[in-house]
Ligand SMILES: [Fe+2]
């Protein structure tokens, strides 16, 4: 299985705070059946000041360490883009960093609202030949009631990424109900990922994945790129 959303790079954002934690996360992911993982540090988020240099240094550190520590786990580099609404669509598209060698890009919205230019930005992403994947749509209040827009987004090739922990109910019954409702409604365009941050409250939960949801988890980056 491929996990397309993790914060496993050491010391970059609110994810792994050290190389040791990163490696513990990688070992856990591998033990739970993950064979490929995309590191998706927050990018363009108002909550973090992260430079490309920071990311590349953390990436180099983890890539080197994982070769000996977890040789069965293949790492890819991506990003979790924050769509704040403050950027023009063209500059937003120019800032995108795809998931590994694929044309997919992971994009999160603010939790409390949907930026006015959200759909036009996503349309610009698609027009540029990329595939936008909305990270944890279940968390965004502004997406509630946007069924027609979401359906149109999916018909244009977009995807929705649900957090496994939310689906399983590890972040409350309301979040479980909301995420399962959306997951069922948009099942054909749904992808499950862990959004792993650490081994405490936001840890990988692949060992709890119900068999019925397995088809919503890509098997590899090359499969994600094909479909
Ligand atoms: Fe994330």
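Residue numbers (the numbering used here): 2 to 228. All C-beta atoms, glycine included, are put in the ideal place defined by N, C-alpha and C.
Between ligand 1 and the CB of residue 4, the shortest heavy atom gap is not smaller than 6 Å. Positions of the alpha helix (DSSP H) runs, each at least 4 residues long and wholly inside the segment 19-78, are given as 20-32, 53-70 in order along the chain. In this structure, residue 81 has its CB closer than 6 Å to one or more heavy atoms of ligand 1. Ligand 1 has no heavy atom closer than 6 Å to the beta-carbon of residue 14.
Judged by DSSP in its simplified three-state form, residue 208 adopts helix.
A distance criterion of 6 Å places the beta-carbon of residue 164 beyond contact range of ligand 1, judged by its closest non-hydrogen atom.
In terms of Cα proximity to residue 37, the closest of 118, 214, 207 is 207. Between residue 31 and residue 79, the C-beta gap is not smaller than 7 Å, which leaves the two residues out of contact. Between residue 51 and residue 91, the alpha-carbon positions lie close to 21 Å from each other.
A straight-line Cα-Cα distance of about 32 Å links residue 99 and residue 175. Only residues of its own chain outside the window of five on either side were considered, and among them 9, 11, 17, 63 have a CB closer than 6 Å to the CB of residue 23, listed in chain order. Distances between the C-beta of residue 196 and the heavy atoms of ligand 1 include at least one below 6 Å. Contact annotation: residue 108 and residue 135 have beta-carbon atoms nearer than 7 Å. In the DSSP annotation of this structure, the continuous segment of the beta strand (DSSP E) that includes residue 163 starts and ends at 160-164. Beta-bridge partners of residue 197 (DSSP): 7.
For residue 106, the uninterrupted beta strand (DSSP E) run begins and ends at 105-109, by DSSP. In the structure shown, the three-state DSSP call for residue 151 is helix.
The C-alpha of residue 138 is placed about 15 Å away from the C-alpha of residue 189.
Taken through DSSP and simplified to helix, strand or coil, residue 191 comes out as strand. Bounds of the beta strand (DSSP E) holding residue 136 are 132-136. Separation of residue 14 and residue 195 (C-alpha to C-alpha, rounded to the nearest whole angstrom) is 16 Å. Residue 158 places its beta carbon 7 Å or farther from that of residue 186. For residue 139, there is no enclosing beta strand (DSSP E), since its DSSP letter is neither H nor E.
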